[in-house]
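Below: one structure, written as structure tokens.
Here is the structure:
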């Protein structure tokens, strides 16, 4: 049966309207900047999304049973959760290339395949350039969230330099200490309250680190091999802990603490700005 031309036009219009509504819903729901077009970004900034979170990860070994992209995936996941709770924030692409020590000769994590390092000055320039880009586009609060302990001083230095340069411009950079503190000492305290000892919690690729990753991205943890392994040590890339009793349930305790404490800190910092 042939459709009447009027009905055909009405049908085509309805299809276009539905497609537009779906597109709008997708753009309004995502907080990931990389999934938006430039015009969608312009409208969201005009509508009040003037906070941008720059997640900083790192590509490094985390023992034999956690994939080397741990920090990158975790930083984006946590930043996304934080932005969704804030309601006025977007999340920039993760910075995955960070200082990890010397490669001539290889030291620390650089002794293990998969770790990538860059010089501190290059890292700092990259952070500054990203922040300046966002300030040009109308973002007023540029928040750095670093998932790895090795470069925290670099980030603090960059924030101080940016705020000196931006004085009177309306833009401001932040590095809330609550994010890293909650994921390290704060989370360790939560695990102690659950009955775990420090020699199990660890500082890198131990129970704390592995549990967080199981809560965020379990596919990155080789759990069956981990459970069957003997106790690991520094020669394996595991520092000061034992990950064999790690679980997603324990990791979720850390995720909840990191997100809630960081959201509170960002709201406080940006309200004062």
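In my numbering, the protein residues as written are 160 to 432. Glycine is no exception: its CB is placed at the ideal position from the N, C-alpha and C atoms. The structure displayed is predicted, hence computed values, not measured ones.
| Item | Value |
| --- | --- |
| Residue 194 classed as buried or exposed, judged by whether at least 16 other C-beta atoms fall within 10 angstroms | exposed |
| Residues near residue 313 by beta carbon distance below 8 Å, same chain, minus five either side | 258, 279, 282, 283, 286 |
| Under 9 Å between C-beta atoms of residue 418 and residue 244 | yes |
| Per-residue DSSP class, three states only, for residue 422 | helix |
| Euclidean distance between Cα positions of residue 406 and residue 222 | 16 Å |
| CB contact flag (residue 212, residue 238, <9 Å) | yes |
| For residue 330 and residue 293, the rounded distance between their alpha carbons | 9 Å |
| Limits of the unbroken alpha helix (DSSP H) element including residue 385 | 382-387 |
| Neighbourhood of residue 362 by C-beta, 6 Å cutoff - its chain only, sequence neighbours within 5 removed | 398, 399 |
| Continuous beta strand (DSSP E) stretch holding residue 268: start and end | It is not in any beta strand (DSSP E) - residue 268 carries neither H nor E in the DSSP assignment. |
| CA-to-CA distance, residue 413 to residue 377, given in whole angstroms | 15 Å |
| For residue 331, three-class secondary structure by DSSP | strand |
| DSSP-derived helix/strand/coil call for residue 282 | helix |
| Three CB pairs or more closer than 8 Å across the stretch 319-335 and the stretch 294-301 | yes |
| Of the listed residues 315, 370, 318, 430, nearest to residue 342 (C-alpha basis) | 370 |
| Boundaries of the beta strand (DSSP E) in which residue 398 is found, first to last residue | 398-400 |
| Minimum C-alpha distance to residue 247 - residue among 235, 409, 206, 423 | 206 |
| Local conformation of residue 247 per DSSP, three classes | coil |
| Cβ-Cβ distance between residue 368 and residue 225 below 9 Å | yes |
| Reference residue 339; option with closest CA among 276, 315, 352 | 315 |
| Nearest-angstrom Cα separation, counted from residue 391 out to residue 401 | 7 Å |
| 8 Å Cβ shell around residue 322 - same chain, five flanking residues per side excluded | 331, 332 |
| Residues of its chain near residue 232, where Cβ-Cβ distance is below 6 Å and the 5 sequence neighbours each way are ignored | 376 |
| Assigned secondary structure, residue 241 (DSSP; H/G/I helix, E/B strand, else coil) | helix |
| Beta bridge counterpart(s) of residue 360 as assigned by DSSP | 400 |
| Given residue 383 as reference, the closest of 374, 403, 358, 431 once Cα atoms are compared | 403 |
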